[in-house]
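Residue numbers (our numbering): 19 to 167.
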C-alpha cells in the first residue's frame, strides 16, 4: 500500500489549548499546495486517519476538498503528538486493512518518529510536509520512504 503521512499546516501559536490551535492562512495555503502536487502524482486516497486536534482536522478537510475526495475518515488519539510510533503504527495498520492508499494527518514529533520506525530513515517533517511510503506491511523497518513533498 501507499501510506501518506502528513504533518498539519502552519498553526496559530496561541489558543485556549494546544488541541484547539487552528491553521493560519499560510498553513491553509501550504496544505492546498501539497494537495495540488499530490493530485498531479495521480494518487487516489481511499481512506484517512486524522488526529482529533483542530489543525489536523482542518488539514484533512482541505486535502479532501482540494483533491475532490470523498473518502472515509477515522479520528484517532493514537496519532496525537506524544504517542509512541509503535502505538501509531498499530492503529494505522488496523484502520487501513485492505486499503491501497491511506492518508494520515498528524503532528510533530510523532510523525518523524513514525517515519523512522517504519523506514529506518531519520526525516524531519516540516509543516504540511507529506511523506510517501511504500508499505507492504505497517511494521518496524518494513517500509520504504519514496519521497517527501
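We treat Cβ as the ideally placed atom computed from N, Cα and C, and that holds for glycine.
Only a predicted model underlies this, so the values are computations on that prediction, with no experimental measurement involved.
Three-state secondary structure (DSSP) of residue i
i           : result
residue 85  : coil
residue 166 : strand
residue 66  : strand
residue 56  : helix
residue 28  : coil
residue 43  : helix
residue 61  : coil
residue 48  : helix
residue 92  : strand
8 Å Cβ cutoff met for residue i and residue j
i           : j           : result
residue 166 : residue 141 : yes
residue 49  : residue 68  : no
residue 156 : residue 21  : yes
residue 109 : residue 132 : no
residue 24  : residue 117 : no
residue 119 : residue 45  : no
residue 153 : residue 19  : yes
residue 40  : residue 72  : yes
Spatially closest choice to residue i from the options, by CA coordinates
i           : options             : result
residue 52  : 99, 78, 97 and 67   : 78
residue 29  : 65, 57, 74 and 60   : 74
residue 107 : 135, 22, 20 and 117 : 135
residue 137 : 60, 20, 111 and 162 : 162
residue 43  : 57, 34, 80 and 96   : 80
residue 65  : 139, 82 and 95      : 82
residue 63  : 143, 88 and 151     : 88
Alpha-carbon spacing of residue i relative to residue j, whole angstroms
i           : j           : result
residue 32  : residue 26  : 16 Å
residue 37  : residue 159 : 30 Å
residue 90  : residue 114 : 11 Å
residue 85  : residue 54  : 7 Å
residue 105 : residue 121 : 17 Å
residue 61  : residue 101 : 28 Å
residue 96  : residue 58  : 30 Å
residue 139 : residue 34  : 35 Å
residue 70  : residue 130 : 18 Å
Residue i at chain B interface by Cβ criterion, 8 Å
i           : result
residue 134 : Although the question refers to chain B, the structure presented lacks it and comprises just one protein chain.
**Item:** 3-residue-minimum beta strand (DSSP E) runs that sit fully inside the stretch 106-162, ordered along the chain
**Value:** 119-124 and 148-152
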